[in-house]
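Protein chains in written order, with this note's numbering: chain E, 1 to 114; chain Z, 115 to 229.
Notes follow once the structure below has been shown.
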Amino acid sequence: DQQVKQNSPSLSVQEGRISILNCDYTNSMFDYFLWYKKYPAEGPTFLISISSIKDKNEDGRFTVFLNKSAKHLSLHIVPSQPGDSAVYFCAASRTTSGTYKYIFGTGTRLKVLA
Amino acid sequence: DTGVSQNPRHKITKRGQNVTFRCDPISEHNRLYWYRQTLGQGPEFLTYFQNEAQLEKSRLLSDRFSAERPKGSFSTLEIQRTEQGDSAMYLCASSFLQGAETEAFFGQGTRLTVV
Numbered sequence: 001d002q003q004v005k006q007n008s009p010s011l012s013v014q015e016g017r018i019s020i021l022n023c024d025y026t027n028s029m030f031d032y033f034l035w036y037k038k039y040p041a042e043g044p045t046f047l048i049s050i051s052s053i054k055d056k057n058e059d060g061r062f063t064v065f066l067n068k069s070a071k072h073l074s075l076h077i078v079p080s081q082p083g084d085s086a087v088y089f090c091a092a093s094r095t096t097s098g099t100y101k102y103i104f105g106t107g108t109r110l111k112v113l114a
Numbered sequence: 115d116t117g118v119s120q121n122p123r124h125k126i127t128k129r130g131q132n133v134t135f136r137c138d139p140i141s142e143h144n145r146l147y148w149y150r151q152t153l154g155q156g157p158e159f160l161t162y163f164q165n166e167a168q169l170e171k172s173r174l175l176s177d178r179f180s181a182e183r184p185k186g187s188f189s190t191l192e193i194q195r196t197e198q199g200d201s202a203m204y205l206c207a208s209s210f211l212q213g214a215e216t217e218a219f220f221g222q223g224t225r226l227t228v229v
């Protein structure tokens, strides 16, 4: 039962353009969402998060949008840079459960072309 | 503080042997998590500590797996009688309890290969 889904395994974008990575979830009890970036042979690096009481959070070039009714979130990267090439994971959590464990999607590999 | 540290980075072991991994979290973090990641998948939750108390274990964590966090500082994950299916990247993460939401910071992982 995949509660967090990233349906696009890969995405290629030209440098300077917008990258949009999508994530869907099925559990309406999730109330905290995060995006992580992962380079090969390294652990995931935290990028940005959003609480379910918000619909948008922005940090520099990164913006996360949350659509609770659609159970959908997206990560926008503007402008995209070659160094952004990595695998991006979305994760969801039920903070009311007390453990704050994350349920991860399967990842989207982003390639930014110079 | 250099972040979450995991040792060793790589481990190759023969099937049936026991292995132990260590995680040193960010010093002021009171929460520690272990995850496992296999090829093409996202990290999967294994277990969680708040200070020294192990508060949750995934059903993925068979009785061959045991984790400890003595004194609420570093943690160890031991796998007994390793099987080829245990080959994966084992990730440790830590976070600090402050309010309802907090992001976790991951270490670089220990890649286990069982031959």
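Virtual Cβ for every residue (Gly too), placed ideally from N, Cα, C.
Source: prediction; values computed, not measured.
Indicate whether at least one CB of chain Z lies closer than 9 angstroms to the CB of residue i.
i	result
S80(E)	no
E58(E)	no
S49(E)	yes
G43(E)	yes
T106(E)	yes
F30(E)	no
Y100(E)	yes
If you measure between the beta carbons of residue i and residue j, is that distance less than 9 angstroms?
i	j	result
H143(Z)	F219(Z)	yes
A86(E)	L110(E)	yes
L175(Z)	L153(Z)	no
Q113(Z)	G107(E)	The first residue shown for chain Z is 115 and the last is 229, placing residue 113(Z) beyond what the model contains.
R61(E)	P82(E)	no
I18(E)	F33(E)	no
W35(E)	I53(E)	no
A167(Z)	G43(E)	no
I77(E)	L21(E)	yes
What separation, rounded to the nearest whole angstrom, lies between the Cα atoms of residue i and residue j?
i	j	result
L226(Z)	R136(Z)	13 angstroms
L205(Z)	R183(Z)	15 angstroms
S8(E)	K185(Z)	43 angstroms
L11(E)	Y25(E)	20 angstroms
K125(Z)	T134(Z)	9 angstroms
F89(E)	Y162(Z)	20 angstroms
K38(E)	D84(E)	10 angstroms
K128(Z)	S74(E)	42 angstroms
Quick one: is residue i near chain E, going by C-beta distance under 9 angstroms?
i	result
L205(Z)	yes
R183(Z)	no
Q212(Z)	no
S209(Z)	yes
R225(Z)	yes
F159(Z)	yes
E142(Z)	no
Q131(Z)	no
T116(Z)	no
Once you ignore the five residues that flank residue i on each side, which residues in its own chain have a CB closer than 8 angstroms to its CB?
i	result
D55(E)	F65, L66, N67 and K68
N132(Z)	E192, I193, Q194, R195 and T196
F210(Z)	I140, E142, H143, N144, R145 and T216
F188(Z)	R136, C137, D138 and P139
Does residue i come within less than 9 angstroms of chain A when only Cβ atoms are used?
i	result
V64(E)	Absent from the structure: chain A. Protein chains present are E and Z.
Could you name the residues of the same chain whose beta carbon sits closer than 7 angstroms to that of residue i, not counting the 5 residues immediately before and after it, in chain order?
i	result
G223(Z)	Q120, M203, Y204 and L205
P122(Z)	T224
E15(E)	S80, Q81, P82, V112, L113 and A114
Using the rule of at least 16 other Cβ atoms within 10 Å of the residue's Cβ for burial, across every protein chain shown, is residue i buried or exposed?
i	result
R150(Z)	buried
L113(E)	exposed
Q198(Z)	exposed
P157(Z)	buried
L169(Z)	exposed
Q2(E)	exposed
D230(Z)	Residue 230(Z) falls outside the range modelled here, since chain Z spans only 115 to 229, and no answer is possible.
Between residue i and the rest of its own chain, which residues show a CB-CB distance below 6 angstroms, the 5 nearest in sequence each way excluded?
i	result
A70(E)	none
Between residue i and the ligand SAH, is the CB less than 8 angstroms from at least one heavy atom?
i	result
E142(Z)	Among the ligands in the structure shown, none appear at all, so the ligand SAH cannot be discussed.
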